[in-house]
Structures are given as C-alpha cells and as structure tokens.
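Enquirer:
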Amino acid sequence: MSRTPAVNGERLLARLAAFAAIGATPKGGVDRQALTAGDREARRLLADLAAARGFAVLQDEAANLFVRREGTDPSLPPLLLGSHLDTQPKGGRFDGTLGVLAAFEVLEALEDVGARPARAVEAVAWTNEEGSRFQPGAFGSQAFAGGTIPSEWREAQDRDGMRLSDELRATLAALPQAKSRPLGIPLAAYLELHIEQGPALEAEDVAIGAVTGIQATRWLEVSFTGRPAHAGTTPLAFRRDPLVAAVAVLGELHRSIMPADGDARLTVGRIAAEPGSINVVPERVAFTLDLRHPDDARLAAIDATVREICARHAAAAGCRMEVTVLSNMRSAAFPESVVTLVETAAARSGLSCRRIVSGAFHDALFLSRVAASGMIFVPCRDGISHNEAEDVAPAASIDGATALLNAAVDYLEL
Ligand code: HGY
Ligand code: MN
Ligand code: MN
Ligand code: MN
Numbered sequence: 000m001s002r003t004p005a006v007n008g009e010r011l012l013a014r015l016a017a018f019a020a021i022g023a024t025p026k027g028g029v030d031r032q033a034l035t036a037g038d039r040e041a042r043r044l045l046a047d048l049a050a051a052r053g054f055a056v057l058q059d060e061a062a063n064l065f066v067r068r069e070g071t072d073p074s075l076p077p078l079l080l081g082s083h084l085d086t087q088p089k090g091g092r093f094d095g096t097l098g099v100l101a102a103f104e105v106l107e108a109l110e111d112v113g114a115r116p117a118r119a120v121e122a123v124a125w126t127n128e129e130g131s132r133f134q135p136g137a138f139g140s141q142a143f144a145g146g147t148i149p150s151e152w153r154e155a156q157d158r159d160g161m162r163l164s165d166e167l168r169a170t171l172a173a174l175p176q177a178k179s180r181p182l183g184i185p186l187a188a189y190l191e192l193h194i195e196q197g198p199a200l201e202a203e204d205v206a207i208g209a210v211t212g213i214q215a216t217r218w219l220e221v222s223f224t225g226r227p228a229h230a231g232t233t234p235l236a237f238r239r240d241p242l243v244a245a246v247a248v249l250g251e252l253h254r255s256i257m258p259a260d261g262d263a264r265l266t267v268g269r270i271a272a273e274p275g276s277i278n279v280v281p282e283r284v285a286f287t288l289d290l291r292h293p294d295d296a297r298l299a300a301i302d303a304t305v306r307e308i309c310a311r312h313a314a315a316a317g318c319r320m321e322v323t324v325l326s327n328m329r330s331a332a333f334p335e336s337v338v339t340l341v342e343t344a345a346a347r348s349g350l351s352c353r354r355i356v357s358g359a360f361h362d363a364l365f366l367s368r369v370a371a372s373g374m375i376f377v378p379c380r381d382g383i384s385h386n387e388a389e390d391v392a393p394a395a396s397i398d399g400a401t402a403l404l405n406a407a408v409d410y411l412e413l
C-alpha cells in the first residue's frame with residue numbers, strides 16, 4: 000500500500016466550523032432542521048466539497064445524499080460511512096454532523112495517499128434523522144433499509160402545515176448535479192461515528208465507545224378531548240376538562256415509570272391546549288411521549304401501562320382519549336465482528352475504548368437490518384446534547400475520525 004492514510008485534523012476541524020455556521024443560533028448551537036433551506040445549504044456544501052475532490056455525488060428518492068470514492072472493482076458493494084446533517088431546532092454543532100464530516104474525511108485521507116481499495120467507500124448524510132420537524136425520525140435510513148417511503152410518511156406535515164413531500168421535492172431539486180440512485184443498495188458494511196450524547200465516556204475518561212447496540216424507542220401522541228366552556232360561568236361539575244386529565248396522567252407517569260425501572264426513559268417533549276384561549280376551558284390537550292428501554296418487551300409493557308393510565312384519567316375527567324404511534328423502533332444489536340473491528344481500530348489508534356449501549360437512536364439502527372453495522376462514540380462535554388451548549392473537544396473529534404479511518408482501513412484490508 001502507498002503511504003498510510005491519516006486524518007487531517009486541521010481540515011476536519013475547519014469543516015466542522017464551516018457546517019456549524021449553517022443555521023448557527025445565537026447561543027452557539029445550530030438550527031438546521033430536516034428539509035429546510037439550512038439543510039439544503041449544508042447538503043450543497045458537502046456536494047461542492049465532494050466535487051472538488053473528484054468524488055461522485057448521488058442521492059436517492061428519500062434525499063439521502065451519498066459521496067462515492069470509487070474502488071478498483073465497481074461491482075463490489077461499497078463500505079458506507081456516515082450519519083446525518085439535520086439538527087434539532089436548538090441542536091448542537093456535532094450531533095450527526097461530526098459523523099458525516101468524519102466519513103468524508105476518511106474518503107479524503109484515502110485520496111490524499113492514493114490508496115485504492117477494491118471496493119468503493121461512500122460517505123452518506125441520511126435525511127431527517129432527528130424526526131423533530133417531521134415524524135418519524137431516521138426517515139432516510141428507514142426508507143433505505145425498507146426500500147420504500149411509506150405513503151403516510153409522505154403526507155406528514157410540520158407544525159406550520161408544510162408537507163414532507165413538498166419539502167423533499169425541493170431538497171432533491173436543490174442538488175441538480177447529484178446523480179439519482181435507487182432507494183436501498185447492497186452494502187458491504189456500515190459504520191457511524193457519533194457523539195455519545197450521554198455522560199459515561201467523559202466520566203470514565205475513555206476516548207472511544209465501541210457501541211454494542213441501540214435501545215428501543217417509541218413515540219406516541221396522546222390527546223384528550225373534552226368540552227370547551229366559559230372559564231367564568233362553568234362550575235366544576237359541568238366541566239369536561241382535558242387538561243385535568245393530562246395533568247393527572249403526567250403526574251402519575253413521572254411518579255411511576257422511571258422511578259420503578261432505572262433503564263426506562265419517559266419524556267414529554269411537547270404539550271398543547273386548544274383553542275389556547277385564556278378564558279376557555281380547553282377543548283383538546285395533546286402531548287408527546289418519547290418512551291425508551293433497552294428491552295423491547297419491557298418497552299411494550301410500559302406502553303400498555305401508559306395507555307391504562309391515560310384511559311383511566313380520561314374517563315374520570317369525562318374526556319375522549321386518542322393515542323397515535325408516531326414512531327416505533329425495535330432495539331438493535333451490532334454484530335460482534337463489527338464491535339471488535341471498532342475495538343481493534345481504537346487500539347491501533349492508541350485510544351482507550353469501552354463497550355457501550357446507545358441510549359439515543361441512530362441511523363445505524365436501521366442499517367443494521369440490512370448490513371453488518373456498527374458505531375463509534377466519542378465523549379461530549381458533560382454528556383450534553385440536543386442542546387445548543389453541546390460541545391466536543393477538538394481532540395475527541397479527531398480521535399473519532401481516526402478510529403473510523405482505521406476501522407475502514409482494517410475492513411478494506413488496505
Ligand atoms: O432521539 C434520538 O435518539 C436521536 O438522537 N434523534
Ligand atoms: Mn444524531
Ligand atoms: Mn439527535
Ligand atoms: Mn442519530
């Protein structure tokens with residue numbers, strides 16, 4: 000092999016700064032929600048960087064964006080590396096973006112030394128991983144793994160009534176130079192670098208997390224519908240107030256679910272009362288539930304408990320209840336061969352490493368349904384993420400990219 004490929008740390012950090020400027024928020028975070036103008040700007044920048052190095056740029060009908068560096072045998076399925084460029088509304092500069100730019104850095108490092116493996120290596124930016132603007136999350140990677148975009152997903156609307164199908168069309172059109180490719184291609188393997196988004200690696204001063212799997216996640220929207228009434232003239236006995244039901248439910252859920260099971264996660268991210276007028280007893284109250292657990296059966300049991308609690312308090316308040324499943328992600332375990340590839344790469348990079356389960360879902364969860372997949376974690380400051388204060392030490396970004404490059408080199412037997 001020609002010279003050993005190496006991460007160019009300065010280049011990677013400069014790329015991170017350039018992407019952090021797209022959708023930058025005043026508090027140092029990023030608002031680059033899926034399929035917005037900011038998302039399209041970041042995609043264009045990635046495509047321009049790719050073209051400057053002579054890499055091919057392709058996208059599929061889910062707007063998953065691929066940068067391809069050819070190998071000597073184009074018939075072989077590629078090694079795919081990547082993550083996502085979309086962010087939370089008040090997100091961090093590293094969640095997703097680090098993984099995409101580290102994947103691109105691997106292609107550049109191979110190009111820098113003229114390494115020419117048999118199989119192509121591709122960097123991917125998956126569409127709408129966060130699922131914040133349009134549900135479900137991991138939209139692009141789920142469509143890739145399933146080979147189709149379910150029609151009900153295309154009808155999704157954001158809170159301003161913008162349709163996913165329209166925004167998808169605009170995003171595809173924003174990269175006319177990208178060649179289109181079918182949804183879901185054969186892969187040799189998939190690796191994703193991501194920040195841990197939790198406190199473990201930093202607390203233990205460990206540089207690399209060899210991710211063994213991803214816990215299950217379920218998103219619900221619960222709504223209670225009562226009877227709108229005048230705030231001043233309606234005595235208690237005449238009220239069917241959905242907010243009374245919601246408050247009782249949320250109190251009981253927070254007292255019972257997580258305290259009873261240390262592995263359970265329950266989050267109410269959004270709650271709204273309609274019509275939202277100060278002097279009207281609400282007609283309808285809707286809130287979201289993000290439920291997680293490493294064990295699929297335990298998550299199903301929590302879901303059943305949630306529905307029982309909701310039904311009981313809805314009945315007590317004289318309200319109708321509706322529960323909508325917005326997203327349902329079974330847990331995933333990565334193959335031992337890929338976890339070991341990551342551990343070996345970390346050791347070769349001179350980096351401390353320990354195995355870890357991901358509390359966050361990632362695109363790798365769905366890639367693991369169709370290819371040998373795995374993840375590499377790096378620590379983030381105080382484990383903070385989905386927060387504008389998200390921060391990663393420059394050395395940690397470089398360590399992560401180095402472990403990703405060495406895992407790719409080992410996998411490609413360069
Ligand atoms: O919510 C998640 O776990 C992912 O970070 N979007
Ligand atoms: Mn992410
Ligand atoms: Mn995220
Ligand atoms: Mn993710």
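With the first letter of the sequence shown counted as 1, position 410 gets the number 409 in numbering that gives the first Met the number 0; the numbers rise by one all the way through. The beta carbon of each residue, even a glycine, is placed where N, CA and C say it ideally should be.
1) Can Ser357 and Ile213 be called in contact, C-beta distance under 8 Å?
2) Assuming Arg92 contacts Leu15 under a Cβ cut-off of 8 Å, what Cβ separation, rounded to an integer in Å, is found between them?
3) Keeping to the same chain, check which residues put their C-beta closer than 7 Å to that of Ser367; ignore five residues upstream and five downstream.
4) Report yes if the C-beta of Glu128 is less than 7 Å from at least one heavy atom of ligand 1; otherwise report no.
5) Quick one: is Asn127 buried, meaning 16 or more other Cβ sit within 10 Å of its Cβ, or exposed?
6) Could you say if the region 336–354 and the region 252–267 meet the contact criterion of at least three C-beta pairs nearer than 8 Å?
7) Which two residues bound the contiguous beta strand (DSSP E) that contains Asn327?
8) Looking at the secondary structure, which residues open and close the alpha helix (DSSP H) in which Thr96 lies?
9) Could you pull the DSSP bridge partners for Trp125 from this structure?
10) Do Gly136 and ligand 1 come close, with the Cβ less than 7 Å from some heavy atom?
11) Of all the options Gly53, Leu242, Trp125, Gly275, which has the alpha carbon lying nearest to the alpha carbon of Gln141?
12) Between which residues of its own chain and Leu490 is the CB-CB distance below 6 Å, once the five residues before and five after are set aside?
13) Cβ of Asp289 within 7 Å of any heavy atom in ligand 6?
14) If you draw a straight line from the C-alpha of Asp381 to the C-alpha of Cys318, how long is it?
15) Are there three or more Cβ pairs, one per stretch, closer than 8 Å when the region 392–407 is compared with the region 175–195?
16) Quick one, what's near ligand 2 if you take every residue whose CB is closer than 5 Å to any heavy atom, in chain order?
17) Could you spell out where the alpha helix (DSSP H) holding Ile308 opens and where it closes?
18) Under three-state DSSP, which class holds His253?
19) So the candidates are Ser276, Leu235, Asp59, Arg132; which of them puts its Cα closest to the Cα of Ala315?
20) Verify the contact flag: His385, CB atom, against every heavy atom of ligand 3, threshold strictly below 7 Å.
21) With a cut-off of 8 Å, do at least 3 Cβ pairs link the region 360–379 to the region 226–240?
22) Does DSSP put Gly70 in a helix, in a strand, or in coil?
23) Where DSSP assigns a beta bridge to Ala188, which residues make up the other side?
24) Any contact of the region 170–179 with the region 41–56, i.e. 3+ C-beta pairs under 8 Å?
25) What does DSSP give as the partner residue(s) for Glu273 in the beta ladder?
26) Taking a contact to mean a Cβ-Cβ separation below 8 Å, would you say Gly81 touches Gly98 in this structure?
27) So is Val377 buried or exposed if we call it buried at 16+ other beta carbons inside 10 Å?
28) Give a yes or no on contact between the region 216–223 and the region 298–306, applying the rule of three or more CB pairs nearer than 8 Å.
29) Below 8 Å on the Cβ atoms is my contact criterion, and I expect Ala137 with Gly130 to pass it. Report the Cβ-Cβ distance as a whole number of Å.
30) Comparing alpha-carbon positions, which option in Ala202, Leu242, Val29 lies nearest Ala271?
31) Let me make sure I understand the geometry here. Which of Ala13, Pro25, Arg2, Thr3 has the alpha-carbon closest to that of Glu387?
32) Would you call Thr170 buried or exposed, if buried means 16 or more other Cβ atoms sit within 10 Å of its Cβ?
33) So is the beta-carbon of Ala388 under 7 Å away from any non-hydrogen atom of ligand 3?
34) For ligand 1, I want to know if Ala359 counts as a neighbour, meaning its beta carbon is within less than 7 Å of at least one of the ligand's heavy atoms.
Expert: For this structure:
1) yes
2) 7 Å
3) Ala331, Phe333
4) yes
5) buried
6) no
7) 319–328
8) 96–112
9) His83
10) yes
11) Trp125
12) Since the first residue of the chain shown is 0 and the last is 413, residue 490 is not available in this structure.
13) The model depicted lacks ligand 6 and carries ligand 1, ligand 2, ligand 3 and ligand 4 instead.
14) 42 Å
15) yes
16) Asp94, Gly95
17) 295–315
18) helix
19) Leu235
20) yes
21) no
22) coil
23) Leu78, Ala371
24) yes
25) Arg283
26) yes
27) buried
28) yes
29) 7 Å
30) Leu242
31) Pro25
32) buried
33) no
34) yes
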